[in-house]
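So the sequence shown is numbered by the working numbering: it starts at 7 and just counts up by one.
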Amino acid sequence: MTASEENNAIIQKALNLAKKNLGKTYPNPSVACILTNKKNKILSSGVTGIGGRPHAEIIAIKKIKNINEVENLYVTLEPCFHHGMTEPCINEILKLPNLKNVFICTKDPYHKVNEKSINLLKEKNINVFLNDKKNDAIILNQGFFSTQLINRPTISVKIATSLDGKIACKNGQSKWITNEKSRQFVQKIRSQYDCILTTHKTILCDNPTLNVRYPKLSKHQPIRIIIDRNFTLLKNFENLNIFKTAHSQKTILFTEKNILNITLENIQLIQLAECNLKEIFAKLCDLGITRVLVESGGQLITSLFRERSIDKLYWFQSNKIIGNDGIPAIRDLCADNINDSEIFRLMDLKRFDDDILKILINEENLSKITYYF
Ligand SMILES: NC(=O)c1ccc[n+]([C@@H]2O[C@H](COP(=O)([O-])OP(=O)(O)OC[C@H]3O[C@@H](n4cnc5c(N)ncnc54)[C@H](OP(=O)(O)O)[C@@H]3O)[C@@H](O)[C@H]2O)c1
């Protein structure tokens, strides 16, 4: 292996490691750091802690028995430069007496960092390498970059359809379009998101719990966010699983109704003058939420397509046929010209017996972030 291949392999290891805490570090990104010695043997590693602290670099440095051995540091995001809830990581990094090379996937666009750490490392005669895994690192923490640069969290949508693209029968019945293995995988996807966004309509039709039931992953549950402009769920809330389980999983409901005299135990009610997607996403940013997984019916999904705000699709396709009278995954988009239609690039394809999962990303939306780097 050449030195450059070796460096890339370590950076890839760090990117894989950083995935571990996705959905659990908001408002911070999930970052990984690896320290190696003169021969590039891995000495220690760290991933951003649950809730965003401690930072990956500090975890990796604290694990080291003899800091004199550290010559190379690999990190998936520029180390922080500012005093936040913790000391700046760059100060701790500069205490490594024999550090020679720092490999960084991307700079941090946050105005208090924004290449300041990179420049300081260079001033201290430490070699800084910005490597070619930049795009992978941006996709990994797209939510963090998105909140910084375009004032909305990253939006991913899970859709489960029949072979003919329907999400439910004409009466709204949809349990179960996909098979058990696909539904198990959805739990894994959920665990990587800060929150799951749904609508009052899907809650009434499906009475979902929207939690993570995998024993290994269930320690940290995503926040559940419900859009209910007219607060229709208020009439039924005692029978709904989402409210029954609110004591153990944070739940937020957005409405346009006056909530002044309403309290629902364990539910955070947020009144907006207009419950539109722009306002909701801006509010989610204020709450520190960076990664949203939408699990709703076709109406909300269509609104998201119309606004071109879907960054990633998890599209499960089963082997069942529902027919033209079923509920479509996407309603009218009034497309007149195929060349103007939205394009999603296939990133990954998985098979669960007769079900297929396509994971697709919206490169046009991604470019609104990558242009910055
Ligand atoms: N297969 C799957 O993956 C899947 C997943 C979830 C649900 N489902 C099925 O989907 C069906 C429900 O689908 P649906 O299309 O009728 O309902 P839906 O998309 O879940 O919800 C529709 C409601 O969302 C609100 N909404 C839509 N666009 C909005 C926007 N831009 N801003 C704010 N609010 C917006 C509206 O609420 P207001 O009426 O208050 O304006 C609308 O009535 C059910 O049968 C369910 O079983 C399937």
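Cβ coordinates follow ideal geometry from the N, Cα and C atoms, glycine included.
#1: Distance, Cα to Cα, Glu63 vs Ser180?
#2: Using the C-alpha atoms, what's the distance from Arg219 back to Gln227?
#3: Flag Glu63 as yes when its Cβ comes closer than 7 Å to any non-hydrogen atom of ligand 1, and as no otherwise.
#4: Please state whether DSSP places Gln18 in a helix, a strand or coil.
#5: How about Ile295 and Cys201: are their beta carbons less than 8 Å apart?
#6: Restricting to Cα atoms, I'd like to know which of Pro94, Lys318, Lys44 and Pro35 is closest to Asn74.
#7: Report yes if the C-beta distance between Asn137 and Asn14 is below 8 Å; otherwise report no.
#8: Please say whether Lys140 and Thr160 have beta carbons closer to each other than 8 Å?
#9: For the 8 Å Cβ check, are there 3 or more pairs between the region 208-219 and the region 299-316?
#10: Should Ile16 and Ile40 be called a contact, given that it needs their Cβ atoms to be closer than 8 Å?
#11: Quick check: Ile144 and Val134, are their CB atoms within less than 8 Å of each other?
#12: Do you know how far the Cα of Ser36 is from the Cα of Lys26?
#13: Between which residues of its own chain and Leu310 is the CB-CB distance below 6 Å, once the five residues before and five after are set aside?
#14: CB Ile248 to CB Arg235, shorter than 8 Å?
#15: Give the range of the beta strand (DSSP E) segment to which Ile124 is assigned.
#16: Out of Glu285, Trp182, Gly58 and Ile375, which has the shortest C-alpha to C-alpha gap to Gln323?
#17: Which of the three DSSP states, helix, strand or coil, is assigned to Leu223?
#18: Provide the residue span of the beta strand (DSSP E) that contains Arg297, from first to last.
#19: For Arg357, which residues does DSSP report across the bridge?
#20: Does ligand 1 have even one heavy atom less than 7 Å from the beta-carbon of Leu363?
#21: Sorry if obvious, but does the Cβ on Gln193 come closer than 7 Å to a heavy atom of ligand 1?
#22: Rounded to the nearest angstrom, how far is the Cβ of Cys175 from that of Ile336, given a contact under 8 Å?
#23: With H, G and I counted as helix, E and B as strand and the rest as coil, what does DSSP make of Gly149?
#24: Could you please give the first and the last residue of the uninterrupted alpha helix (DSSP H) stretch that includes Cys95?
#25: On the CB-based measure, 16 or more other CB atoms within 10 Å of its CB, does Lys250 come out buried or exposed?
#26: If you compare alpha carbons, which of Asn104, Cys95 and Leu79 is closest to Val119?
#27: Please confirm whether Gln154 and Tyr116 have their CB atoms less than 8 Å apart.
#28: What are the boundary residues of the alpha helix (DSSP H) that Ser50 is part of?
#29: Indicate the three-state DSSP secondary structure (helix, strand or coil) for Ser309 in the structure shown.
#30: Please tell me whether, using a cut-off of 7 Å, the distance from the CB of Leu306 to the nearest non-hydrogen atom of ligand 1 is below it.
#31: Taking just the CA atoms, how far does Gly149 sit from Glu365?
#32: With distance defined between alpha-carbon atoms, name the residue in Arg158, Pro103 and Ser168 nearest to Ala288.
#33: Report the start-end ranges of each beta strand (DSSP E) in the region 254-341 that is 3 residues or longer and not cut off at the edges.
#34: Around the C-beta of Glu84, are 16 or more other C-beta atoms found within 10 angstroms, so that it is buried, or is it exposed?
#35: To the nearest angstrom, how far is it from the Cα of Ile367 to the Cα of Ile165?
#36: Do you know offhand how far Leu339's Cα is from Ile110's?
Looking at the coordinates:
#1: Looking at the two C-alpha atoms, the distance is approximately 46 Å.
#2: The straight-line gap from Cα to Cα measures roughly 9 Å.
#3: The answer is no for Glu63.
#4: Of the three classes helix, strand and coil, the one that applies to Gln18 here is helix, per DSSP.
#5: Contact: yes.
#6: Between Asn74 and the set Pro94, Lys318, Lys44 and Pro35, the nearest pair of CA atoms involves Lys44.
#7: Yes, these two residues count as a Cβ contact at 8 Å.
#8: No, the pair does not count as a contact, with Cβ atoms beyond the cut-off.
#9: Counting C-beta pairs closer than 8 Å gives three or more between the region 208-219 and the region 299-316, which meets the contact rule.
#10: One thing to note: Ile16 has its Cβ within 8 Å of the Cβ of Ile40.
#11: With contacts defined by Cβ atoms closer than 8 Å, Ile144 and Val134 do not form a contacting pair.
#12: In this model, Lys26 and Ser36 are separated by some 8 Å (Cα to Cα).
#13: Same-chain partners within the cutoff: Ile316.
#14: Contact: no.
#15: Secondary structure note for Ile124: it is in no beta strand (DSSP E), and the uninterrupted alpha helix (DSSP H) holding it is Lys122 to Glu129.
#16: Closest by alpha carbon: Trp182.
#17: Coil, per DSSP.
#18: Where Arg297 is concerned, the enclosing beta strand (DSSP E) stretches over Arg297 to Val300.
#19: Its beta-bridge partners are Ile362.
#20: No, since every heavy atom of ligand 1 falls outside the 7 Å radius drawn around the Cβ of Leu363.
#21: Gln193: no, Cβ never under 7 Å from ligand 1.
#22: Under the criterion of beta carbons closer than 8 Å, Cys175 and Ile336 do not qualify as touching, at roughly 17 Å.
#23: Reduced to three states, the DSSP call for Gly149 is helix.
#24: Note, Cys95: alpha helix (DSSP H), Cys95 to Leu100.
#25: With fewer than 16 other Cβ atoms inside 10 Å of its own Cβ, Lys250 counts as exposed.
#26: Cys95 is the residue among Asn104, Cys95 and Leu79 whose C-alpha sits nearest the C-alpha of Val119.
#27: Yes, they are a contact pair.
#28: First-last for Ser50: Ile48 to Val53, but that is the beta strand (DSSP E), not the alpha helix (DSSP H).
#29: Residue state, collapsed to three classes: helix.
#30: Checking the Cβ of Leu306 against ligand 1 gives yes.
#31: The amino acid at residue 365 is misidentified as Glu; the sequence shows Ile. About 17 Å.
#32: Just measuring C-alpha positions, the residue of Arg158, Pro103 and Ser168 sitting nearest Ala288 is Arg158.
#33: Taken in chain order, the unbroken stretches of beta strand (DSSP E) that lie wholly in the region 254-341 and span 3 residues or more are 257-261, 273-277, 297-300 and 318-323.
#34: Of the other Cβ atoms in all chains shown, 16 or more fall within 10 Å of the Cβ of Glu84; this residue is therefore buried.
#35: Between the C-alpha atoms of Ile367 and Ile165 there is a straight-line separation of about 14 Å.
#36: Counting only the Cα atoms, Ile110 lies some 41 Å from Leu339.
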